[in-house]
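The block underneath contains the structure these notes are about, expressed in structure tokens.
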Amino acid sequence: MTVSEAAPILELQGLNKSYGALHVTKDVSLTVRRGEIHALIGPNGAGKTTLIGQISGSIAPNSGAIVFAGEDVSSLGVAQRARKGLGRSFQITAILPAFSVLENVALAVQAKDGHSFRFFKRASSDAELNNRAKVYLEMVGMTARAGLRAGDLSHGEKRVLEVAIALAGGPKLMLLDEPMAGTGPEETERLVTVLHGLKAKIPMLLIEHDMSAVFQLADRISVLVYGEIIASGAPEDIRRDPAVREAYLGGESDL
Ligand SMILES: Nc1ncnc2c1ncn2[C@@H]1O[C@H](COP(=O)(O)OP(=O)(O)OP(=O)(O)O)[C@@H](O)[C@H]1O
């Protein structure tokens, strides 16, 4: 079965959100297929943050539906959606700097199992937990950094660790909110490689300002302008789309 034949992992169906007279999300429909990275781009103030909030469950739309893994999750809260595998990633504050890289991932594995952090034994004393955590470090190519204090990692490495922590939570979709923010060119390149390597296993909705990263990673791109998706399609079509160039970039960019 090809990617396009598979049932989508996420479907946004006609979402609308207004704040008073301000219509921030206008009839937004979008699908993320299994096996793909779907990027959502748009200028500042386009309504990306509000849309992410509606997907993760922190903001209630005025109308429309969110179907995740075949189930309408529109009425579920943030925690319920996260338990189903619809989690928001990249909250760098989730990293505990005094713990080792491996322990950070082990904590996430333990949290996924439903144990409170209070009962966390130092990961070094729990071989089974360690081994499970190591699998996620391996997936992001951080095995060699396992024993390092997480606080001593570079900014880019912290972002990669965030991916491992997100993976340990068992997501069915990764919702990536500007993962490249604040990273240098080499770090961005590394993150691009890591995310590219993971997309066959975990589909992603990528909200990102770094156009180079978006065009390297995305199978499809949707463009949000003033709360409305003005174009959605393959990167080469989006790059050529005159409305996108005009609305998103003022017609004069190297998109
Ligand atoms: N709680 C709110 N009450 C009133 N207006 C809001 C609220 N939240 C967002 N807005 C408005 O909705 C619009 C979209 O905001 P949003 O933060 O979703 O955009 P964005 O695309 O994420 O922007 P950026 O890329 O800069 O983060 C903005 O005009 C913003 O002022």
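Using the working numbering, you'd call the opening residue of the sequence shown number 3 and step up by one each time.
Cβ atoms here follow ideal geometry from the backbone N, Cα and C, with glycine treated the same way.
Computed from a prediction, not measured in an experiment: that's the story for all the values here.
- Proximity to Ser60 [Cα-Cα], best of Ser77, Gly184, Ser224, Val26: Along the sequence shown, read from residue 1 onward, the residue named residue 60 stands at position 58. Looking at the Cα atoms, Ser77 is the closest of the given residues.
- Runs of alpha helix (DSSP H) wholly within the stretch 41-106 (minimum 4 residues, chain order): 50-58, 80-85
- Would you mind sorting Pro187 into buried or exposed? The rule is 16 or more other CB atoms within 10 Å of its CB. Against the sequence shown, residue 187 aligns to sequence position 185. Its Cβ having fewer than 16 others within 10 Å, Pro187 is exposed.
- Query: Going straight from the alpha carbon of Ser6 to that of Asn133, what length do you get?
  - Reply: Within the sequence shown, residue 6 is the residue found at index 4, counting from 1. Within the sequence shown, residue 133 is the residue found at index 131, counting from 1. Low local confidence applies: a pLDDT of 49 at Ser6 is under 50, so the model's placement there is unreliable, with the coordinate-based value given in what follows. Looking at the two C-alpha atoms, the distance is approximately 35 Å.
- Task: Could you tell me the boundaries of the alpha helix (DSSP H) in which Met141 lies?
- Result: The residue given as residue 141 occupies position 139 in the sequence shown. 129-141 is the extent of the alpha helix (DSSP H) around Met141.
- Query: Closest by CA to Thr145, which one among Ala152, Arg151, Val137?
  - Reply: Numbered from its first residue, the sequence shown carries residue 145 at position 143. When the alpha-carbon of Thr145 is set against those of Ala152, Arg151, Val137, the nearest one is in Val137.
- Task: Please say whether Gly16 and Leu226 have beta carbons closer to each other than 9 Å?
- Result: One-based indexing of the sequence shown puts residue 226 at position 224. One-based indexing of the sequence shown puts residue 16 at position 14. Contact flag unset, no.
- Between Val196 and the rest of its own chain, which residues show a CB-CB distance below 7 Å, the 5 nearest in sequence each way excluded? Residue 196 sits at position 194 when you count from the first residue of the sequence shown. Cβ neighbours of Val196 beyond the five flanking positions: Val142, Gly143, Val162, Val165.
- Query: Hey, is the stretch 61-70 in contact with the stretch 233-240, meaning 3+ C-beta pairs nearer than 8 Å?
  - Reply: With contact defined as three or more Cβ pairs closer than 8 Å, the stretch 61-70 and the stretch 233-240 are not in contact.
- Query: With 16 other CB atoms within 10 Å as the buried threshold, where does Ala23 fall?
  - Reply: As a position in the sequence shown, residue 23 is number 21, starting the count at 1. Flag for Ala23 reads exposed.
- Task: Determine the direct distance from the alpha carbon of Gly171 to that of Arg247, and round the result to whole angstroms.
- Result: As a first step, residue 247 is located in the sequence shown; it is residue number 245 there, counting from the start. As a first step, residue 171 is located in the sequence shown; it is residue number 169 there, counting from the start. One C-alpha to the other measures close to 38 Å.
- Query: Does DSSP put Ser214 in a helix, in a strand, or in coil?
  - Reply: Translated into positions along the sequence shown, residue 214 becomes position 212. Reduced to three states, the DSSP call for Ser214 is helix.
- Item | Contact set, ligand 1 heavy atom to C-beta under 5 Å | Counting only residues whose CB is nearer than 5 Å to a non-hydrogen atom of ligand 1, the list in chain order is Tyr21, Val26, Asn46, Gly47, Ala48, Gly49, Lys50, Thr51, Thr52.
- Considering Lys160, what are the terminal residues of the beta strand (DSSP E) in which it resides? Taking the first residue of the sequence shown as 1, we reach residue 160 at position 158. No beta strand (DSSP E) contains Lys160, which is instead part of the alpha helix (DSSP H) from 157-170.
- Message: Assuming contact is defined by CB atoms lying nearer than 9 Å, are Asp221 and Thr51 in contact in what I supplied?
- Response: Mapped onto the sequence shown, residue 221 falls at position 219. Mapped onto the sequence shown, residue 51 falls at position 49. Against a cut-off of 9 Å, the Cβ pair of Thr51 and Asp221 comes out as no contact.
- What are the partner residues of Gly235, as DSSP defines its beta bridges? Translated into the one-based positions of the sequence shown, residue 235 becomes position 233. For Gly235, which the question treats as bridged, DSSP gives the partners Ile223.
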